[in-house]
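Trainee: Could you have a look at this structure, given as structure tokens, before my questions?
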Amino acid sequence: MSYNFNEIEAKWQKYWKENQTFKAENPQDKNTKKNPFYVLDMFPYPSGAGLHVGHPLGYIASDIMARYKRHKGFNVLHPMGYDSFGLPAEQYAIQTGQHPAITTETNINRYREQLDKIGFSFDWSREIRTSNPKYYRWTQWIFMQLFNSWYDLKTDKARDIKELIEVFENRGNAEIQAETDQEEIFSAKEWRNFSAEKQQEILLKYRLTYLAETEVNWCPGLGTVLANDEIINGVSERGGFPIERKKMKQWSMRITAYAERLLKDLENIDWTESLKETQRNWIGKSEGALVKFSVLDSNENSTHQQIEVFTTRPDTIFGVSFMTLAPEHELVSKITTSAQKEKVESYIKQTSKRSERERMADTKSISGVFTGAYAEHPFTKKPVPIWIADYVLAGYGTGAVMAVPAGDERDFNFAKHFNIDIPAIFEGIDISEKAYTEKDENVKFINSDFLNGLSHQEALTTVLEKIQKNNFGEAQINYRLRDAVFSRQRYWGEPFPVYYKNNLPYLIPEESLPLELPEVEKYLPTQDGQPPLGRAEKWFWEEKNQKVVAVENPENLPQGIYPLELNTMPGWAGSSWYFFRYMETNQRDEVFASEKAMNYWKNVDLYIGGSEHATGHLLYSRFWTKFLYDRGFSPVEEPFKKLINQGMILGESALIYRSEENSNLYISAGLVKDKAVQPIHVDISMVNTANELDLEAFKNWRPEFKNAEFITEKDGKFIVGREVEKMSKSKFNVVNPDDICEEYGADSLRLYEMFLGPLEQEKPWSTAGLSGVQSFLKKLWRLYHKADLSANTEEFDVSEEKASKESLKTLHQTIEKVTEDIENFHLNTVVSNLMICVNELTKQKCNSREVLEPLTILIAPYAPHIAEELWEKLGHKESVSKADYPLFDEKFVKESTKTYPIAFNGKKRFTLDLSLDLSKEEIEEIVMNHERTKEQLQGRKPKKVIVVPNRIVNIVG
RNA sequence: GCUCGAGUGGUGGAAUCGGUAGACACGUUGGACUUAAAAUCCAAUGGGCAAUUUUCGUCCGUGCGGGUUCAAGUCCCGCCUCGAGCACCA
């Protein structure tokens with residue numbers, strides 16, 4: 030019997046399933062003494078296309094870590110689930126009328142089948158699906174907690190809203206420092222006299238999730254609102270539809286309250302620098318000052334308005350020669366003089382028509398209008414003209430800037446364009462051509478009153494002091510991060526546990542969770558533009574009996590029955606906390622994850638997934654975890670201790686070249702040269718590893734190729750061109766893991782995907798390279814078997830005799846290297862070292878159990894099926910995954926010799942074989958007494974001798 | 001424009017503490033076995049020169065130009081190219 034991977038893999042996948050081999054132990058059930066290790070993959074959205082070979086890359090890496098840690102004696106939590114709410118299932122439902130739940134179920138089953146074939150060690154007893162009511166009841170529950178919380182800036186954490194109400198009742202809101210939109214101050218007495226509705230309105234401004242009329246990114250193509258991270262270059266990430274700004278009443282998450290903590294805590298987690306940088310950019314902290322400018326009252330307007338500006342360079346305040354407001358700024362209409370009114374209004378109209386995208390694309394042209402109004406410079410008291418211009422964004426800072434043409438490029442260009450003053454404020458800097466934006470400490474200020482002669486840092490401190498002392502403003506920190514819009518006009522998402530009474534939102538009671546998605550007859554928005562849930566008949570709340578009821582005529586609601594929220598939650602709701610749910614083994618309804626389990630598992634030790642979630646899922650998860658921590662529901666403040674982004678596996682497309690002169694003529698790649706041709710993608714399954722196209726298969730592929738003619742190479746072969754690009758159906762370059770498992774085996778696939786290169790890196794898939802890892806597995810198999818040539822079979826043949834010292838050395842060196850590489854996450858070099866080991870043992874004709882048993886364990890994380898089979902043949906009753914990882918034996922490794930290069934002044938002259946056992950001094954002695962050394966030195970004395978252990982002896986003379 | 005990565009044979013990539021490049025694999029070439037093929041095994045494989053009087057010859061080589069060091073793919077300075085993130089953010 031030779032290495033029959035198909036049979037072996039099916040056998041062990043069945044065994045693992047039946048024996049629940051990879052079930053994690055629970056702290057509450059067993060009081061396990063093992064240390065916990067939590068390895069997690071980003072759970073997939075089960076799309077209809079199924080998996081291609083790129084998808085399992087991260088799963089293979091995490092599976093290797095999970096299996097390795099099990100050998101190391103850890104209690105490993107390695108779960109898997111599905112992020113099963115989402116747009117594609119809904120769009121399919123709109124087209125076909127099929128319920129998204131059915132599509133989702135089908136896709137999940139397909140995914141599971143594909144995943145099983147690769148032999149992952151997931152604990153499937155903990156599987157979760159975000160679209161399952163048993164799961165999303167807790168997503169709704171977390172929403173409720175957010176609704177019932179406010180952010181206290183004094184203690185810098187989220188607190189129960191009840192505590193806020195208590196303060197309001199006793200002392201009003203004057204002393205409260207909170208993240209809020211509430212500006213007016215009220216006393217305790219006033220609060221108590223407010224109507225219940227008014228109180229609710231005020232509380233909504235403090236809640237961590239709140240309802241607000243906000244300008245949102247409306248995507249007409251998708252019929253929904255999108256969060257900032259779902260927009261790339263002004264179009265929707267999904268589908269590439271244009272985005273419009275639109276005012277809508279939406280749920281928002283007050284993530285801005287956590288901006289500073291999200292930024293600061295990046296220092297404490299083991300993520301890649303680039304990913305941290307992405308999040309830092311996204312949070313976009315900038316330190317500066319808020320400065321107030323009074324608007325000078327003209328005869329017609331005497332309203333004593335103030336304009337607040339945010340600036341990072343208050344030190345340049347004496348260079349201000351004008352101010353600019355965003356066209357949307359609320360003061361614009363109030364301050365514009367009648368003479369300028371017409372111009373200003375037409376400019377506002379013109380800019381509002383331009384879409385976000387146009388505005389972004391067109392950063393070159395300078396436009397703006399003078400309002401006719403002037404503000405007073407806080408220090409010089411001189412009048413400063415106020416302009417409006419669309420280079421100032423309403424959404425950032427205060428939507429107004431103090432323009433310093435000498436120190437800011439845009440202000441400079443604007444001033445040049447409209448012939449506004451450019452006061453010089455930097456000593457010795459020529460500002461006739463461009464602004465000076467650097468912060469050189471050697472450049473002193475001039476024409477700046479009390480800042481004259483100071484450098485940037487000195488001026489900054491001085492001016493901030495003065496601004497605060499004179500009450501002109503205050504130091505302020507601004508973030509680019511916006512509150513996250515949490516409403517989607519969709520069907521296939523979590524319903525909000527919210528109903529509306531007098532247009533104010535109220536939570537349904539916790540006992541009524543889950544609030545399940547109602548049935549609708551169609552998944553499209555309603556005629557009057559309401560979300561799909563507006564079609565549901567049974568979607569009203571009966572307050573008295575606390576239950577969902579159907580209403581026939583929504584126009585005329587009976588007493589005590591209220592409409593439920595029609596929006597659903599966005600895709601990131603369910604994925605922002607799922608890592609906690611896996612900890613709760615029995616998926617009980619009473620708790621989202623038990624305290625004991627959470628305290629035991631803590632946070633995810635290793636999280637693997639794509640970097641495309643950097644500003645979405647990975648930020649929101651951190652936000653929710655911090656919130657849950659604040660409210661005492663989570664023992665940890667960060668969800669993912671270590672995070673690794675796996676790179677994409679690219680496909681290798683095949684291209685054939687069609688002659689432009691004769692559209693039925695195809696030219697082999699080697700003969701194209703400078704002929705006029707058009708490249709066409711062809712299915713890679715018709716091309717062999719030598720890039721040769723199967724002409725018959727091609728002719729039968731599509732009717733239009735039926736009578737194709739070919740110009741072939743001299744040997745009659747037709748060669749295709751190759752290009753490396755993303756795997757996609759339209760490029761016919763998708764490689765299916767099922768096919769690879771069938772042809773080469775799952776173990777080969779696993780080894781190969783790791784061997785391909787560093788996990789984090791983008792790399793092209795090449796099926797040709799698989800033969801290398803497959804022949805490694807065959808060699809491994811042969812190490813344990815004796816071939817019977819006459820019968821053409823192989824017989825298990827492992828000797829009970831002691832292994833040779835040489836073989837033990839090979840083994841222990843390999844253990845050392847492999848262990849170190851796995852610990853440092855160099856999963857690709859592990860494969861190389863295993864290959865070297867097997868090659869050497871083959872040469873040494875080693876078949877001793879003493880060596881082969883530990884070797885089997887070493888290989889098990891990478892190639893679990895063959896390892897199980899060999900482990901069983903070695904006479905073990907239990908799975909190899911229960912075996913202890915072998916320890917490396919220093920003794921054997923030390924005894925081995927090493928070739929030392931002997932160098933003179935850094936130049937290699939000869940080499941010596943020396944034992945690793947020797948000390949530095951001993952090596953030095955041997956080398957100095959060696960003939961060749963004396964020959965080189967010719968009687969001279971060397972200055973020094975450098976012995977680098979295990980590496981080199983360098984004689985400096 | 002700012003920020004963060006990366007650049008090594010024909011190819012994927014090793015070298016992760018500065019230690020004397022190219023591990024491992026693919027591909028290619030040659031050989032063994034075979035009637036043949038597949039499979040398997042062995043050998044060669046960065047470039048040049050020298051040479052087959054012998055294997056431990058020699059020079060050049062890690063994007064480019066400098067520097068530090070006995071020693072640089074690795075550290076420092078200045079560029080070039082590619083990728084990613086942010087981007088009219090005041």
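Take 30 as the starting number for the first sequence in this note's numbering and just add one per residue.
Note that the Cβ used here is the ideal one computed from N, Cα and C, for glycine as well.
A quick note: this is a predicted structure, and the numbers were derived from the prediction, not measured.
1. Determine the burial state of residue 265: buried for a count of at least 16 other Cβ atoms within 10 Å of its Cβ, exposed for fewer.
2. Do you know how far the Cα of residue 849 is from the Cα of residue 1000?
3. Is the stretch 62 to 71 touching the stretch 100 to 107, taking contact as three or more C-beta pairs under 8 Å?
4. For residue 688, report the span of its beta strand (DSSP E) as first-last.
5. Got a sec, what are the start and stop residues for the alpha helix (DSSP H) residue 298 sits in?
6. If you check the beta carbons only, do residue 430 and residue 353 fall under 8 Å apart?
7. With C-beta atoms as the reference, is residue 255 less than 8 Å away from residue 246?
8. How would you call residue 978, buried or exposed, if buried means at least 16 neighbouring beta carbons within 10 angstroms?
9. Could you tell me whether the stretch 364 to 380 touches the stretch 458 to 471, where touching means 3 or more Cβ pairs closer than 8 Å?
10. Between which two residues does the beta strand (DSSP E) carrying residue 940 extend?
11. Bridge partners for residue 395 per DSSP, in chain order?
12. Are the beta-carbon atoms belonging to residue 685 and residue 724 less than 8 Å from one another?
13. Please list the segments of the beta strand (DSSP E) lying wholly inside the stretch 576 to 626, counting only runs of 3 or more residues, in order along the chain.
14. Quick check: the Cα distance between residue 730 and residue 782, rounded to an integer number of angstroms?
15. Going by C-alpha to C-alpha distance, which of 118, 272, 125 and 587 sits closest to residue 136?
16. With 16 as the cutoff for other CB atoms within 10 Å, does residue 841 come out buried or exposed?
17. Bridge partners for residue 364 per DSSP, in chain order?
18. Spatial neighbours of residue 898 within its chain, please: CB distance less than 8 Å, with the 5 preceding and 5 following residues excluded, ordered by chain position.
19. Could you tell me whether the stretch 828 to 845 touches the stretch 920 to 929, where touching means 3 or more Cβ pairs closer than 8 Å?
20. Is residue 379 helix, strand or coil by DSSP?
21. Once the 5 residues before and after residue 989 are set aside, which same chain residues still bring their CB inside 7 Å of it?
22. Consult DSSP for residue 80 and reduce its assignment to one of helix, strand or coil.
23. In or out: residue 126 buried (at least 16 other Cβ within 10 Å) or exposed?
24. Alpha carbon to alpha carbon, how far is residue 799 from residue 929?
25. Take residue 279 as the anchor and find which of 294, 242 and 338 has the nearest alpha-carbon.
26. If residue 610 sits next to residue 167, beta carbons under 8 Å apart, how far is it from one beta carbon to the other, in whole angstroms?
27. Compare the Cα-Cα distances from residue 753 to each of 747, 762 and 746 and report the closest residue.
28. Going by alpha carbons, who is nearest to residue 316 out of 235, 508, 196 and 293?
29. Just the C-alpha distance for residue 179 and residue 206, rounded to the nearest angstrom, thanks.
30. Can you tell me whether residue 916 is buried or exposed? The criterion is at least 16 other CB atoms within 10 Å of its CB, across all chains shown.
31. Are residue 806 and residue 892 closer than 8 Å when you measure CB to CB?
32. Do you know offhand how far residue 939's Cα is from residue 84's?
33. Can residue 533 and residue 547 be called in contact, C-beta distance under 8 Å?
34. Using a Cβ-Cβ cut-off of 7 Å (strictly less than) and excluding sequence neighbours within five positions of residue 871, which residues of its own chain qualify?
35. DSSP three-state label for residue 922, please.
36. Quick one: complete alpha helix (DSSP H) runs, 4+ long, within the stretch 702 to 742?
Mentor: Reading it off the structure:
1. buried
2. The question about residue 1000 has no answer here: the residues shown for the chain are numbered 30 through 986.
3. yes
4. 678 to 688
5. First-last for residue 298: undefined, no H or E at that position.
6. yes
7. yes
8. exposed
9. no
10. 936 to 944
11. Note: residue 395 sits in no beta bridge, so no partner.
12. no
13. 576 to 578 and 590 to 592
14. 30 Å
15. 118
16. buried
17. In DSSP, residue 364 forms no bridge with anything.
18. 37, 40 and 41
19. yes
20. helix
21. Nothing about residue 989 can be read from this structure; the chain reaches only from 30 to 986.
22. coil
23. exposed
24. 36 Å
25. 242
26. 7 Å
27. 762
28. 508
29. 10 Å
30. exposed
31. yes
32. 50 Å
33. no
34. 808 and 812
35. helix
36. 724 to 730
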